[in-house]
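First comes the structure, then the notes that go with it.
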Amino acid sequence: MSLADIVSRTEVIAKKYEKFTGDKPDRPEKSNDPFTDEYTDLVERINGLTLKADEIAAEKNRATKAALNAELRRSKAALLETDVPKLEKLIRKGKNVTKTVIDDRMAKVKQVRDGIAEIPDGVHGPRKPGRALTQICLMVQLGGTGRIPAGATATIELSGPDARVTNNPGYYQHSAESKALANDWQVAKKKQDLHLDNIEKGLSTLKGIGEAMGETLKTQDVLIDTIDTKMDNVTKELKTNNMKLKGLVESMRSKRNFCIDITLICVLLALGLYLYMMFKK
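Next comes the structure, spelled out in structure tokens:
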């Protein structure tokens with residue numbers, strides 16, 4: 048989890064459980080003019096982002112500073128994309144809204160946009176030392192209770208040489224932090240490209256080895272099939288020879304038995320003749 052995620056989650060949790068805290072800051076009550084209420088809240092948030100930008104500028108850790116600047120850019124984008132259009136929708140709302148009031152409100156919205164864009168966020172050019180800083184001031188007459196009196200007007204006053212972003216020649220130029228991040232990104236990209244090239248070469252080599260093994264296996268399959276065919280033929284020949292040998296053995300055995308039988312008969316006849324001659328004497 049990055050530092051920016053931790054900061055954003057902390058803010059969400061703090062805002063979620065803010066209603067359970069005992070000491071809540073006093074906030075001005077809502078007036079009858081919705082534009083003034085939204086305008087006041089938006090100016091307070093812009094001032095808060097300006098203070099946050101000053102704190103980020105004093106940060107020494109470059110990684111932490113980059114993460115905080117990214118969070119600040121997201122906050123500025125949220126103001127420009129959500130809150131400012133909401134303020135624009137309230138320009139013609141309210142009581143006794145004349146053309147002069149509408150023109151004044153449109154000028155205030157434009158000043159708010161310029162003020163948000165002027166907040167340094169690590170990408171846009173930082174404010175140069177020795178120059179008057181752009182100040183966003185809420186010019187309202189507040190009582191001791193912090194409420195906006197009836198008939199009071201809230202305006203944003205942008206003063207200094209940086210009142211307009213287009214007049215700042217360094218607005219679209221790289222800062223030291225952005226240059227360092229760009230250099231780090233280029234170095235990391237080159238390393239990544241080198242690793243990807245090595246991986247691609249390794250995959251190509253593995254592919255070649257796999258194709259060679261496939262061809263070898265195909266050749267071995269042909270050899271194995273040939274060997275199986277020859278083994279079948281040899282087995283058939285062995286079976287035929289075994290049958291022939293068996294017949295030969297059986298024939299030789301029968302002849303031997305016949306000779307033995309004849310010999311035994313002759314022996315018995317001779318023995319019988321010998322006994323007969325002895326008993327006759």
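In terms of the working numbering, the sequence shown opens at residue 48 and continues consecutively. We treat Cβ as the ideally placed atom computed from N, Cα and C, and that holds for glycine.
Helix, strand or coil: how does DSSP classify residue i here?
{"i": "Asn79", "result": "coil"}
{"i": "Val187", "result": "Caution is warranted here: a pLDDT of 38 is assigned to Val187, below 50, making its placement in the model unreliable, and the coordinate value is therefore given only provisionally. Coil."}
{"i": "Ala117", "result": "helix"}
{"i": "Lys107", "result": "coil"}
{"i": "Ser222", "result": "coil"}
{"i": "Arg300", "result": "helix"}
{"i": "Arg92", "result": "helix"}
{"i": "Lys71", "result": "Confidence at Lys71 is low in this model, with a pLDDT of 48, below 50, so the placement of that residue should be treated as unreliable; the coordinate-derived value is given next. Lys71: coil per DSSP, three-state reduction."}
Would residue i and residue j qualify as a contact pair, given that the criterion is a beta-carbon distance under 8 Å?
{"i": "Ile163", "j": "Leu126", "result": "yes"}
{"i": "Asp168", "j": "Arg120", "result": "yes"}
{"i": "Val156", "j": "Leu134", "result": "yes"}
{"i": "Ser122", "j": "Leu89", "result": "no"}
{"i": "Asn79", "j": "Lys142", "result": "yes"}
{"i": "Ile138", "j": "Arg160", "result": "no"}
{"i": "Glu106", "j": "Lys99", "result": "no"}
{"i": "Lys140", "j": "Pro81", "result": "yes"}
{"i": "Ser225", "j": "Val144", "result": "no"}
{"i": "Ala227", "j": "Arg109", "result": "yes"}
State the start and end residues of the unbroken alpha helix (DSSP H) segment that holds residue i.
{"i": "Leu134", "result": "Val131 to Lys136"}
message: Which runs of the alpha helix (DSSP H) at least 4 residues long sit entirely within the stretch 251-277? Give them in chain order.
response: none
field: Complete alpha helix (DSSP H) runs within the stretch 141-172 (minimum length 4 residues, chain order)
entry: 146-165
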